[in-house]
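In our numbering, the protein residues as written are 2 to 104. Glycine included, every Cβ here is placed at the ideal spot set by N, Cα and C. Have a look at the structure below, then the notes.
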Amino acid sequence: MLIAGIVIINSISDFDKNLKLKYSFIASFTTTAYAFNGGAYITLPVLERELKLKYALNVMGCRVVPYWLGTFIFDYLMFLITILVFFLVVIIGNIKFITDFAG
């Protein structure tokens, strides 16, 4: 994604040098942020397996479906908040590059 963003930026010839630099930073930081964001979703299943949390909840009477449904809803809400914050920054910052090439 980072390389594709930089290729798109370099292929547009009417941008001035400062604007190209600004968009290159936006592309690189956005890619890095979403790379770390994905790691946040895998930590809970790994931690659950190490601490045997699901087994303990099962012994206490929690079924498997509500446990995984709650985990999915929480992860989805965290992802949704991340996307909403990203779009708010794009709208508030008036970043035309993202809105023009969003597809």
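Which class does residue i belong to by DSSP, given the choice of helix, strand or coil?
i	result
I96	coil
G71	helix
K53	coil
G62	coil
L3	In this prediction, L3 has a pLDDT of 48, which is less than 50 and means its spatial position is unreliable; what the coordinates show is noted afterwards. If DSSP states are grouped into helix, strand and coil, L3 belongs with the helices.
Note down, in chain order, each residue of its chain lying with its Cβ closer than 7 Å to the Cβ of residue i, except the 5 sequence neighbours on either side.
i	result
T83	N38
T72	L45
Buried or exposed: which applies to residue i, given that a residue is buried once 16 or more other Cβ atoms fall within 10 Å of its Cβ?
i	result
A5	Residue placement at A5 is poorly supported in this model, since its pLDDT is 49, which falls under 50; the coordinates are not used for a value here.
Y112	No answer is possible for residue 112: the residues shown for the chain start at 2 and end at 104.
A57	exposed
A28	buried
M2	A caution first: M2 carries a pLDDT of 49, below 50, which makes its placement in the model unreliable, though a value can still be read off. When all chains shown are included, M2 counts as exposed.
Assuming residue i and residue j form a contact by the criterion Cβ under 8 Å, report the distance between their Cβ atoms to the nearest whole angstrom.
i	j	result
K55	Y68	6 Å
Output needed for residue i: all residues of its chain with C-beta closer than 6 Å, excluding positions within five of it in sequence on either side, in chain order.
i	result
N95	none
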